[in-house]
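Residue numbers (UniProt numbering): 1 to 385.
Here is the structure:
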């Protein structure tokens, strides 16, 4: 049946299943379709925005976090950020949208959708045989994690706030706006945020700002120092991890720019220099804030014997600097992650992990034998107790 023969009610039902771009394009195909669109314009656009870039409450919160403060009253940094957090916490589950607000939401939603195209490459960095496109509900989980991450970085990773409060939040703080913001989210959302946060760290460590060890692992032969210096950012140590923690202050749009529009060490160094001379001095605080919230809820769950209060497994907590990070589904937490993980994937990840551990033990054993051989040649005899 031709769409021109459908009733207005059926046309409006079709609009409700369309994305925002498809709904607008369909409304331009004929006067009849346009009149059907105008008849329920705001409900149709609300549902279309949800289909394209939902969840909408988190997206509205992101828009608010990036609005300029037009108040001319003299106000301290903490009070100003607390006021923004108060506005964010007042957003209802079904926020009222305006055309002007939707235009702003589109800007952030497009970035999140681009991340949804990039994310499978990051999520299945190890075990690429299982790589696939994200399903619709997985894309929505990812967008929610991106919106929360972006809201936090907009409020608390800019130069003004990092100069005001460079240290991470502590458990005893009840008024810290960073903790107040995260306390508003359920444990599953925080676990998914932590997963996205972990993959951001992996992108930095493996792709954008790799250490000497990461570069050398890609070559079967010794790489000349001059070539290594053009690719790597130094040995894994305090200075390198301080750089990584500083770079993790970037919001998802900046990270996406680095991933898609830079390819050399010079370009990425220029991007860092553009942030100002004091940018590397302060680390990101999101991971520590998540850790504090997890500890709080674990104590509440223990005190009330209510396991539902506990924050599910948070991936970024398992990060151990100076060790290779891989196979996020192996650690657990796949029940509450962004991506659905099948039992076959978990089995495959476990096998990869076991093989990697065995290889590391063999390397350690060979290294010990080589050291004993060198000491023996030098006339030094080592006896085993």
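Just so it is clear, CB atoms sit at the ideal spot from N, CA and C, and this is done for glycine as well. None of these values were measured; they are calculated from a predicted model.
Please report how far the alpha carbon of residue i lies from the alpha carbon of residue j, in whole angstroms.
i: residue 164; j: residue 292; result: 20 Å
i: residue 13; j: residue 181; result: 37 Å
i: residue 242; j: residue 178; result: 21 Å
i: residue 349; j: residue 138; result: 20 Å
i: residue 62; j: residue 95; result: 13 Å
i: residue 35; j: residue 28; result: 10 Å
i: residue 159; j: residue 279; result: 7 Å
i: residue 8; j: residue 16; result: 13 Å
i: residue 203; j: residue 122; result: 7 Å
i: residue 143; j: residue 54; result: 7 Å
i: residue 331; j: residue 256; result: Note on residue 331: pLDDT 46, under 50, position unreliable in the model; no value is reported.
i: residue 319; j: residue 198; result: Here the model assigns residue 319 a pLDDT of 47, short of 50, so the residue's position is not dependable, and the following value carries that caveat. Taking the straight line joining both Cα atoms gives about 8 Å.
i: residue 19; j: residue 52; result: 5 Å
i: residue 200; j: residue 125; result: 12 Å
i: residue 287; j: residue 79; result: 23 Å
Which class does residue i belong to by DSSP, given the choice of helix, strand or coil?
i: residue 138; result: helix
i: residue 63; result: helix
i: residue 112; result: helix
i: residue 236; result: coil
i: residue 223; result: coil
i: residue 124; result: coil
i: residue 41; result: helix
i: residue 12; result: helix
i: residue 170; result: coil
i: residue 318; result: Residue confidence is low: residue 318 scores 43 on pLDDT, short of 50, so the model does not pin down where it sits. Its coordinate-derived value is still stated next. Helix at residue 318.
i: residue 281; result: helix
i: residue 178; result: helix
Report back the beta-carbon spacing between residue i and residue j to the nearest angstrom; my notes put them in contact at under 8 Å.
i: residue 108; j: residue 59; result: 6 Å
i: residue 169; j: residue 176; result: 5 Å
i: residue 166; j: residue 282; result: 4 Å
i: residue 213; j: residue 141; result: The pair is not a contact, with the Cβ atoms about 32 Å apart (cut-off 8 Å).
i: residue 195; j: residue 338; result: 5 Å
### Query
If you pair each beta-carbon of the segment 150–163 with each one of the segment 59–66, do three or more pairs fall below 8 Å?
yes
### Query
Does the segment 78–89 come within contact of the segment 102–121, defined as at least 3 CB pairs closer than 8 Å?
Pairwise C-beta distances place the segment 78–89 out of contact with the segment 102–121, as fewer than three of them are shorter than 8 Å.
### Query
Does the count of Cβ pairs from the segment 184–193 and the segment 280–298 closer than 8 Å reach three?
yes
### Message
Across the segment 231–246 and the segment 274–287, are there enough close Cβ pairs to call them in contact, namely three or more that are closer than 8 Å?
### Response
yes
### Query
Touch check for the segment 92–112 and the segment 140–153: three-plus C-beta pairs under 8 Å?
yes
### Query
Counting Cβ pairs closer than 8 Å, one from the segment 41–56 and one from the segment 17–28, do we hit at least three?
yes
### Message
Taking 8 Å as the cut-off, does the segment 216–223 touch the segment 256–268 (at least 3 CB pairs, one atom from each stretch)?
### Response
no
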